[in-house]
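Undergrad: Sharing a structure here in structure tokens format.
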Amino acid sequence: MPHENISAAIRWADALASWAIPDRILANAPASPWVHPPKMFKSSDDDPADTPSMVAAASMLGPDASVLDVGCGGGRSSLPLGSRLRRVIGVDESPEMLEQFAASAMERQIAVETVRGRWPDVADQCQRVDVAVCHHVVYNVGDIAPFVRALSSTAHRGVVVELTNVHPQTPFNELWKRFWNLDRPVEPTAELFVEVVRELGHEPQVVSTHRPARPGRLDGSEMVAFVRQRLCMNAERDAEIREYLDARPLLSSDTTVTVSWRT
Numbered sequence: 186m187p188h189e190n191i192s193a194a195i196r197w198a199d200a201l202a203s204w205a206i207p208d209r210i211l212a213n214a215p216a217s218p219w220v221h222p223p224k225m226f227k228s229s230d231d232d233p234a235d236t237p238s239m240v241a242a243a244s245m246l247g248p249d250a251s252v253l254d255v256g257c258g259g260g261r262s263s264l265p266l267g268s269r270l271r272r273v274i275g276v277d278e279s280p281e282m283l284e285q286f287a288a289s290a291m292e293r294q295i296a297v298e299t300v301r302g303r304w305p306d307v308a309d310q311c312q313r314v315d316v317a318v319c320h321h322v323v324y325n326v327g328d329i330a331p332f333v334r335a336l337s338s339t340a341h342r343g344v345v346v347e348l349t350n351v352h353p354q355t356p357f358n359e360l361w362k363r364f365w366n367l368d369r370p371v372e373p374t375a376e377l378f379v380e381v382v383r384e385l386g387h388e389p390q391v392v393s394t395h396r397p398a399r400p401g402r403l404d405g406s407e408m409v410a411f412v413r414q415r416l417c418m419n420a421e422r423d424a425e426i427r428e429y430l431d432a433r434p435l436l437s438s439d440t441t442v443t444v445s446w447r448t
């Protein structure tokens, strides 16, 4: 069936569903492949405040300077706004992430509230704010339309979503082929997300930025363990994983896309 006859939101859901790990692999995984080490998302003083996403959020802040950060992690999506902020609400499913977020906000003397749960299930627990930000989360959201609608209805000035141009698991595709002989998808993409936002009645501003490779927050052994968990393998394969990573460093997409719209 031609794409024009299928909504962007449905195409997004179908594309994300194709990333499911086969049951034969997942059933024997030693640990969940979807959990992220909190260390990867820790906010620090050198987090850039001049990225297109930060600039877009700052341009929409009102005098009360309130922000909702969905999938806040350690706060790298909102706390670099610094002195502009009076209040930040952080939403995350992980209590470890929320604890890290609150600690980083306290260091910056920023007032925060934390809400544990999955967006938009917990949207009714969050007060309205100037701006909702959501960085590197939407590729985890199959039912994307209610997610985006809840962001828009909670922010009375605007929304800023940041994502990579391709699915963040794409760099693992070659590894899945090597270790499991499994072909992985290539969709959805940021371009399709922009279609979703337009389909919901918004006129987004889209900025793509080349992001040079940055040193990871995980050391060598931690990265091996992270990749092993992602690939549903046990520690017996660590030497093979290390050999692969030594030859081909695992880099995330070098293009980040900022999608922002006024509400």
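Residue numbers (the numbering used here): 186 to 448.
Backbone N, C-alpha and C define an ideal beta-carbon position, used for all residues, glycine too.
These numbers were taken from a predicted model, which means no experiment stands behind them.
Does the structure place the segment 370–385 close enough to the segment 332–340 that three or more beta carbon pairs sit under 8 Å?
TA: In short, these stretches touch, since the Cβ pair count reaches three.
Undergrad: I need the boundaries of the alpha helix (DSSP H) containing I195, first residue and last residue.
TA: Note, I195: alpha helix (DSSP H), A193 to A202.
Undergrad: Using a Cβ-Cβ cutoff of less than 6 Å, which residues in the same chain neighbour R399 once the five nearest sequence positions on both sides are dropped?
TA: Note that R399 scores a pLDDT of 49, beneath 50, so its modelled location is shaky and nothing firm can be said.
Undergrad: Within the same chain, show all residues whose beta-carbon is closer than 7 Å to that of A194, passing over the 5 residues directly before and after it, in chain order.
TA: Here the set comprises I329, A330, V381 and E384.
Undergrad: Check whether the Cβ atoms of E347 and T443 sit closer than 8 Å, and answer yes or no.
TA: Yes, they are a contact pair.
Undergrad: Just checking my contact of A317 with V255 at CB under 8 Å: how many whole Å lie between their CB atoms?
TA: A317 to V255, Cβ: 6 Å. Contact.
Undergrad: Using CA atoms only, rank isn't needed, just tell me which of T339, F378 and M239 is closest to S192.
TA: S192 has its Cα closest to that of F378, out of T339, F378 and M239.
Undergrad: Which residues mark the beginning and the end of the beta strand (DSSP E) in which G343 is found?
TA: Note, G343: beta strand (DSSP E), A340 to T349.
Undergrad: Under a Cβ-count criterion, where at least 16 other Cβ atoms within 10 Å of its own Cβ denotes burial, should S337 be classed as buried or exposed?
TA: S337 comes out buried.
Undergrad: Taking only runs of the alpha helix (DSSP H) that begin and end inside the segment 231–277, which ones reach a length of at least 4 residues, in chain order?
TA: Listed in chain order, they are 237–245.
Undergrad: Would you mind giving the Cβ-Cβ distance between A242 and V345, rounded to the nearest angstrom? I have them listed as a contact below 8 Å.
TA: The pair is a contact, with the Cβ atoms about 5 Å apart (cut-off 8 Å).
Undergrad: For my contact list, L266 and M239 are in at a C-beta cut-off of 8 Å; report their separation, rounded to the angstrom.
TA: With a Cβ gap of about 6 Å, L266 and M239 count as contacting.
Undergrad: Ordered along the chain, which non-local residues of its own chain (more than five positions away) have a Cβ less than 6 Å from that of A340?
TA: Contacts found: V314, V316, A317 and T448.
Undergrad: Can you give me the start and stop residues for the beta strand (DSSP E) that V379 sits inside?
TA: Segment A375 to E384 is the alpha helix (DSSP H) holding V379; no beta strand (DSSP E) there.
Undergrad: Pull up the CB-CB distance for L360 and C311, whole angstroms please, since I reckon it's below 8 Å.
TA: Actually they are not in contact, since the Cβ atoms of L360 and C311 sit about 37 Å apart, beyond 8 Å.
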